[in-house]
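Number of protein chains: 2
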Amino acid sequence: MNTPELCLGALLWGEASGYEIKQRFETTFRHFQQASFAAIYPALARLEQDGLVTARIETQEKRPAKKVYRLTEAGRRHFIDALHTSGAGETFRSDFILLMFFAELLDGDKIASIFEQHENELRQTLEMLESIRAGGGQSPGQRFTLDYGITMKKAALAFIAQHKADFLEPRR
Amino acid sequence: MNTPELCLGALLWGEASGYEIKQRFETTFRHFQQASFAAIYPALARLEQDGLVTARIETQEKRPAKKVYRLTEAGRRHFIDALHTSGAGETFRSDFILLMFFAELLDGDKIASIFEQHENELRQTLEMLESIRAGGGQSPGQRFTLDYGITMKKAALAFIAQHKADFLEPRR
DNA sequence: ACCTACATGTAACCCGTTACATGATTTG
DNA sequence: CAAATCATGTAACGGGTTACATGTAGGT
Numbered sequence: 131m132n133t134p135e136l137c138l139g140a141l142l143w144g145e146a147s148g149y150e151i152k153q154r155f156e157t158t159f160r161h162f163q164q165a166s167f168a169a170i171y172p173a174l175a176r177l178e179q180d181g182l183v184t185a186r187i188e189t190q191e192k193r194p195a196k197k198v199y200r201l202t203e204a205g206r207r208h209f210i211d212a213l214h215t216s217g218a219g220e221t222f223r224s225d226f227i228l229l230m231f232f233a234e235l236l237d238g239d240k241i242a243s244i245f246e247q248h249e250n251e252l253r254q255t256l257e258m259l260e261s262i263r264a265g266g267g268q269s270p271g272q273r274f275t276l277d278y279g280i281t282m283k284k285a286a287l288a289f290i291a292q293h294k295a296d297f298l299e300p301r302r
Numbered sequence: 131m132n133t134p135e136l137c138l139g140a141l142l143w144g145e146a147s148g149y150e151i152k153q154r155f156e157t158t159f160r161h162f163q164q165a166s167f168a169a170i171y172p173a174l175a176r177l178e179q180d181g182l183v184t185a186r187i188e189t190q191e192k193r194p195a196k197k198v199y200r201l202t203e204a205g206r207r208h209f210i211d212a213l214h215t216s217g218a219g220e221t222f223r224s225d226f227i228l229l230m231f232f233a234e235l236l237d238g239d240k241i242a243s244i245f246e247q248h249e250n251e252l253r254q255t256l257e258m259l260e261s262i263r264a265g266g267g268q269s270p271g272q273r274f275t276l277d278y279g280i281t282m283k284k285a286a287l288a289f290i291a292q293h294k295a296d297f298l299e300p301r302r
């Protein structure tokens, strides 16, 4: 699943500008997909060319005009088709785990700082997921993904809480 | 942390050929980093140019000759330096979660198949991690990463086991 | 007869990122 | 007065992938 297709998915909830799609990526999709402006804007232009979305300029007072995109029927079909042909793979890359793998080569300060950094990121994402979840109005599928994310982040935090002391005070 | 640097890390355990480094990626590093031959071979050539590794051809009977790389002191320093300047970020991308997010647009067969595919992958990685773990001989840092991986995979499997029924028999 | 493991590499391509350019308005 | 938010886009670059090319040895 690539950025153009993800944009179609984001537009299923209703029309949106590129900027707003980015926000959806940063909240709802954040824990399992990501995309930058430089991937989203060209993607939307391409989708419009291909007739999968239509665009309309909306002028605003006190704010820059925005280009609001709406999914066409062809776009909707294309996305559902893409879902059915997609695999269920995942890619995970973690410099946090890598650093821990080589923990014995690091000095105490560095280890403390990577734990802190990583725990903060986990807590931040967790809070966001929980607040979205609390907001309600999700389909069963969406709730599944939120709960999955919450469960995983909590498991990671619990694991770290249980084991980090081993690396912070090697000899007491 | 990019492929060349990861190769340096893989060589900390002793000299190895490109092929053997790939194997280390597929076992020890598998659950948090990945790299293909087409990334590893050019990386090693580059590292040799830069004096971070040395290479030696080892001819074998009944097998193709291999180029065995060994870390130089400069390479070792470079890697440790890279560890200290690296952040602790992670990237996670999951088409499995994405598909579940849009579960209501999928037919029952597709949902069943993505659960099966994903559970198989999780179980496979879990088994591998557990067998490496059982093999012993790991540093505390390495054990941390193995246990972290095992914990996470188990948490994912448990979550799926608990919730998948909701999507497989929508109305009974 | 075919597939897998061992072993190294290249070419073509895809997909994405960071940084830049521009500019109004609100908030600290 | 500086910074963040809203808003769209491009240019340059990086980093990786799949597929191909080549060849031996051993197992089913």
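Residue numbers (our numbering), protein chains in the order written: chain Y, 131 to 302; chain G, 131 to 302.
Don't be surprised by glycine CBs; every beta carbon is placed ideally from N, CA and C.
Cross-strand partners of residue i (DSSP beta bridge)
i: K196/Y; result: E188/Y
i: E220/G; result: S224/Y
i: A146/G; result: Y199/G
From the options, residue whose alpha carbon lies closest to that of residue i
i: E249/Y; options: G217/Y, A288/Y and Y278/Y; result: A288/Y
i: C137/G; options: A169/G, F162/G, Q254/G and A195/G; result: A169/G
i: A218/Y; options: P194/G, L298/G, Q153/G and S224/G; result: S224/G
i: A185/G; options: L141/G, F162/G and R200/G; result: R200/G
i: Q179/Y; options: F232/Y, G144/Y, G205/Y and A264/Y; result: G205/Y
i: A291/G; options: Y278/G, G265/G, R253/G and Q268/G; result: R253/G
i: Q163/Y; options: F162/G, F226/G, Q190/G and A173/G; result: F226/G
i: S243/G; options: A242/Y, S216/Y and L276/Y; result: S216/Y
i: F303/Y; options: L174/Y, T133/Y, D296/Y and R207/Y; result: Residue 303/Y is absent from the model: chain Y starts at 131 and stops at 302.
i: E251/G; options: M131/G, Q153/G, R160/G and Y149/G; result: R160/G
i: S269/Y; options: F231/G, E145/G and G265/G; result: F231/G
i: L142/G; options: R176/G, E156/G and I210/G; result: I210/G
i: P342/G; options: L213/G, K192/G, R193/G and Q247/G; result: The question about residue 342/G has no answer, for chain G in this structure spans 131 to 302.
i: K294/Y; options: L174/Y, F222/Y, K192/Y and Q247/Y; result: Q247/Y
i: G271/G; options: A146/Y, G266/Y and I241/Y; result: I241/Y
i: L236/G; options: L298/G, K192/G and Q190/G; result: L298/G
i: N132/G; options: E220/G, E191/G and R193/G; result: E220/G
Cβ-based neighbour list, residue i, same chain, cut-off 8 angstroms, excluding 5 preceding and 5 following
i: K284/Y; result: L256
i: Y171/G; result: G148
i: G181/G; result: T202, A204 and G205
i: R273/Y; result: R263
i: P276/Y; result: For the record, residue 276/Y in the displayed sequence is Leu; it is not Pro. Excluding residues within five positions, the ones whose Cβ falls inside 8 angstroms are L259, I262, R263 and Q268.
i: T157/G; result: M258 and I262
i: L177/Y; result: P134, C137, L138, V183, Y199 and G205
i: G265/G; result: none
Neighbourhood of residue i by C-beta, 7 angstroms cutoff - its chain only, sequence neighbours within 5 removed
i: I187/Y; result: A195 and K197
i: D239/G; result: none
i: H208/Y; result: L138 and L182
i: K152/G; result: F167 and I170
i: E145/G; result: V198, Y199 and R200
i: T189/G; result: A195
i: A113/G; result: As shown, chain G starts at 131 and ends at 302. That puts residue 113/G outside it, with no answer to give.
Close Cβ partners of residue i (< 6 angstroms) along its chain, the five nearest in sequence each way excluded
i: R302/G; result: Unreliable placement is indicated for R302/G, whose pLDDT of 48 sits below 50; the coordinate value is still reported in the next sentence. Around R302/G: no qualifying Cβ.
i: L229/Y; result: I244
i: G125/G; result: Because chain G spans 131 through 302 in this model, residue 125/G falls outside it and cannot be assessed.
i: A286/Y; result: L252
i: A140/Y; result: I151 and R154
i: A165/G; result: T133 and F155
i: A173/Y; result: T133, P134 and C137
Name, going along the chain, the residues of the segment 233-249 of chain Y whose beta-carbon falls closer than 7 angstroms to a beta-carbon of chain G.
A233, E234, L235, L236, K240, I244, Q247 and H248
Residues within the segment 259-272 of chain G neighbouring chain Y, beta-carbon criterion of under 8 angstroms
S269, P270, G271 and Q272
Contacting positions in the segment 138-169 of chain G - beta carbon closer than 9 angstroms to chain Y
G139, L142, T158, F159, H161, F162, Q163 and Q164
Under 7 angstroms (Cβ pairs) to chain G, residues found in the segment 203-232 of chain Y:
I210, L213, H214, S216, G217, A218, G219, E220, T221, F222, R223, S224, D225, F226, I227, L228, L229, M230, F231 and F232
Please name the residues in the segment 273-289 of chain G whose beta-carbon is closer than 8 angstroms to at least one beta-carbon of chain Y, in chain order.
F274, T275, D277, Y278, G279, T281, M282, A285, A286 and F289
What residues in the segment 171-204 of chain G bring their beta carbon closer than 8 angstroms to a beta carbon of chain Y?
none
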